[in-house]
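Student:
Protein chains in written order, with this note's numbering: chain F, 1 to 220; chain L, 1001 to 1482.
(1) Looking only at DSSP bridge pairs, what is residue 1123(L) linked to?
(2) Under a CB-based cut-off of 8 Å, is residue 175(F) close to chain L?
(3) Does chain L have any CB closer than 8 Å to the CB of residue 153(F)?
(4) Going straight from the alpha carbon of residue 1345(L) to that of residue 1096(L), what length do you get?
(5) For residue 1285(L), is the classification buried or exposed, using 16 other Cβ atoms within 10 angstroms of its Cβ as the cut-off for buried?
(6) Beta-carbon of residue 74(F) versus every beta-carbon of chain L: anything under 8 Å?
(7) Taking 8 Å as the CB-CB limit, is residue 86(F) close to chain L?
(8) Nearest to residue 118(F) by alpha carbon, out of 1350(L), 1212(L) and 1395(L)?
(9) At a Cβ cut of 9 Å, what residues of the segment 1165-1179 of chain L count as close to chain F, listed as they run along the chain?
(10) Where do the N-terminal and C-terminal ends of the alpha helix (DSSP H) with residue 1445(L) fall, by residue?
(11) Nearest to residue 1438(L) by alpha carbon, out of 1426(L), 1370(L) and 1380(L)?
(12) Quick one: which residues of the segment 1187-1202 of chain L get their C-beta closer than 9 Å to a C-beta of chain F? List them in chain order.
(13) Is the CB of residue 70(F) under 8 Å away from at least one CB in chain L?
(14) Residue 1182(L) versus chain F: which residues are under 9 Å apart at the beta carbon?
(15) I'd like the ranges of any beta strand (DSSP E) spanning at least 3 consecutive residues and lying wholly in the segment 1122-1182 of chain L.
(16) For residue 1337(L) versus residue 1393(L), is the C-beta distance shorter than 8 Å?
(17) Anyone know if the C-beta pair for residue 1380(L) and residue 1342(L) falls short of 8 Å?
(18) Looking at the strands, I want to know which residues DSSP matches up with residue 1360(L).
(19) How many Å lie between residue 1398(L) and residue 1331(L) at the Cα?
(20) Specify whether the segment 1402-1422 of chain L and the segment 1447-1466 of chain L touch according to this definition: at least 3 beta carbon pairs, one from each stretch, less than 8 Å apart.
(21) Could you list which residues in chain L have their beta carbon closer than 7 Å to that of residue 61(F), in chain order?
(22) Which residue from 127(F), 37(F), 10(F) and 20(F) puts its Cα closest to that of residue 160(F)?
(23) Using a Cβ-Cβ distance under 8 Å, would residue 100(F) count as near chain L?
(24) Is residue 1005(L) helix, strand or coil by DSSP?
(25) Under three-state DSSP, which class holds residue 1431(L)?
(26) What are the residues in the segment 1119-1131 of chain L lying within 8 Å of chain F by C-beta distance?
(27) Note down the Cα distance separating residue 1203(L) from residue 63(F), rounded to an integer number of angstroms.
(28) With 8 Å set as the bound, which would you pick, yes or no: does the beta-carbon of residue 51(F) sit closer than that to a beta-carbon of chain L?
(29) So, is residue 1065(L) buried or exposed, given that buried needs 16 or more other C-beta atoms within 10 angstroms?
(30) Rounded to whole angstroms, what's the CA-CA distance from residue 125(F) to residue 1412(L)? Just pull it up for me.
(31) Against residue 161(F), what residues of chain L qualify as contacts under a CB-to-CB distance less than 9 Å, listed in chain order?
(32) Residue ranges of each alpha helix (DSSP H) run of no fewer than 4 residues wholly in the segment 48-112 of chain F, ordered along the chain?
(33) Which of the three DSSP states, helix, strand or coil, is assigned to residue 1270(L)?
(34) Which term fits residue 1036(L), buried or exposed, when burial requires 16 or more other beta carbons within 10 angstroms of its beta carbon?
(35) Here's the rule: buried if 16 or more other CB atoms are within 10 angstroms of the residue's CB, otherwise exposed. What is residue 1471(L)?
(36) Got a sec: which bits of the segment 1399-1414 of chain L sit with their beta carbon under 9 Å from any beta carbon on chain F, in order along the chain?
Next comes the structure, spelled out in structure tokens:
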């Protein structure tokens, strides 16, 4: 493989980790949605580049799905929901931004140490991609636990799925079945989420999931 | 069509799928409930034909000794639950908890879930298996939230978030298995086909397999309800419609555990890889211990039995983690018995909650006096699930305990302690529920006892006498599991 090709793949996958960090410190709902769109855009670029250097044309489809669905449609739809519900001001976090960022750095270090150690036998590209993908997944998990807002949790979940697609694209020759299904399931999941958001709002006048926690079935 | 050309494998997938589409279109609850029952019955018959004419394993689908047991169990409990559901749902419509539109949706989702679970069981491709488990999660999330009460929404949301995270971790594990397989098997579909993987797994990179298995165990373990990822399970069981609680406990947990077992077989076939046993044993024991103590603090009837499901999934995971022919045999038997007993209990609980208008334990007293048939069914069910002889669960628990005493006495003591603590909690609650002076609403009950009696009868029969062919079959499968 041409060294430049590898470097570009490396850079794009690395940028995803960077954008994941940006997701962590967003404290406004609309900003969060735009950064998520950027996350999906970088994913789309990264997957297209993989498609090009692996000469795997089916990956272009995955890239296109990421671009259209996750970088355009979902952020736009969520933006509408957020505006309509009037919750675009701030995102309530459970822990402060500083500790969250530090925890994020720790998680990235952890995933590098783990993945680079166990993948010594595989080719360099898959290795880098898996290490970055695990970082994105762990940062997504961190984001989910550090947000109290339903929309924030959903974005965290979708950034995890982005990380998984990055890993799947990096694994050379992985069958198409999986990628399409991943994209499809995200779409389905989004519809589910849409219904939930609507119903949560209907019942509680808020999308703060803390309102849900008070209504445990057993505490009467 | 003659029998030879009849393809049971396609039938168990296409019938639920076609029924789901049909049910989404049909109006009227009486006809849809009937169609639901009929479709489940035909699926069960199709599953039974797999014993006679077993199709050859393809690149995507596979029927072997291991999954055929689960397929038949799955379609059987699916069928009895559809019968129970028909009478349960009629009552929900009368009381106005469900509207006809939601009911149509409910029936379509029921069949879609059966399709997803059957697909997960017969999938030969680990990617397809993942897709099927994801589909099963989505359909059950929708059904858990169907009552749209605040508690139901909370349960569905929690289930959705935890389930999706679990599913995401499992996908990462699946990708890692592919990455491990690709240098040995080559690129493409083969490197995700389970039958190909198991043949070549000895040559895979053990370090990658280890990491993959940890992700898979955590991911699918969330769906099994293993501690500490069990938080969704009690809520989802308590707030959804009771037929869904029955299939969640009886089937979905089994399907997730079956998937874990498939990957455990891969791990066991690679000598250099980490032994999956200790991981599974410790997760199983911690689930058992947690659930056993939590049982004492339950005030909700359905939550009580949900925690009991966590307890039993813990015991089963423990048994498979111990491994060896005897423990695996016990694990398989326990899985089957738990599935039948727990769904049977939920059938009884569904009718009890309907007749009392509440599922709080404090509101229910003296059932054997006010509703003898339901009350005694509950007594029998709880005795069976608590592991008293002569029921099947006693036998399988006994086998788990004796096989682990022979090899790891210390672990066996922990196991017995957990089982006894849970036993105490269940009997304590049962005493209040079933005996004493009747309380609350005493209206007569319109229940369908056939599914309930069938399940409890089978569990009793299995405890008294296991037919020799069944024993040989389970022994065969147990030796496959390694």
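Ideal placement from N, C-alpha and C gives every residue a C-beta, glycine not left out.
Tutor: Once the coordinates are examined:
(1) 1061(L)
(2) yes
(3) yes
(4) Straight-line Cα distance between these residues: approximately 24 Å.
(5) buried
(6) no
(7) Output row for residue 86(F): interface = no.
(8) 1212(L)
(9) 1165, 1167, 1168, 1169, 1171, 1172, 1174, 1175, 1176, 1178 and 1179
(10) No alpha helix (DSSP H) contains residue 1445(L), which DSSP labels as neither H nor E.
(11) Closest option to residue 1438(L), Cα to Cα, is 1370(L).
(12) Residues 1187, 1188, 1189, 1191 and 1192.
(13) no
(14) 122, 126, 171, 172, 173 and 174
(15) none
(16) yes
(17) Result no, Cβ atoms of residue 1380(L) and residue 1342(L) do not sit closer than 8 Å.
(18) 1300(L)
(19) 11 Å
(20) no
(21) Under the 7 Å cutoff, chain L gives no residues; its nearest Cβ is about 16 Å from residue 61(F).
(22) 20(F)
(23) no
(24) Only weak support is given to the placement of residue 1005(L): the predicted model assigns it a pLDDT of 46, under 50, and the question is left unresolved by the model.
(25) Helix.
(26) Within the segment 1119-1131 of chain L, those residues whose Cβ lies closer than 8 Å to any Cβ of chain F are, in chain order, 1125, 1127, 1128, 1130 and 1131.
(27) 33 Å
(28) no
(29) Classification for residue 1065(L): exposed.
(30) 47 Å
(31) 1164, 1168 and 1171
(32) 58-65 and 74-85
(33) coil
(34) It is buried - the Cβ of residue 1036(L) has at least 16 other Cβ atoms within 10 Å.
(35) exposed
(36) Going along the segment 1399-1414 of chain L in chain order, one finds no residue with a Cβ nearer than 9 Å to chain F.
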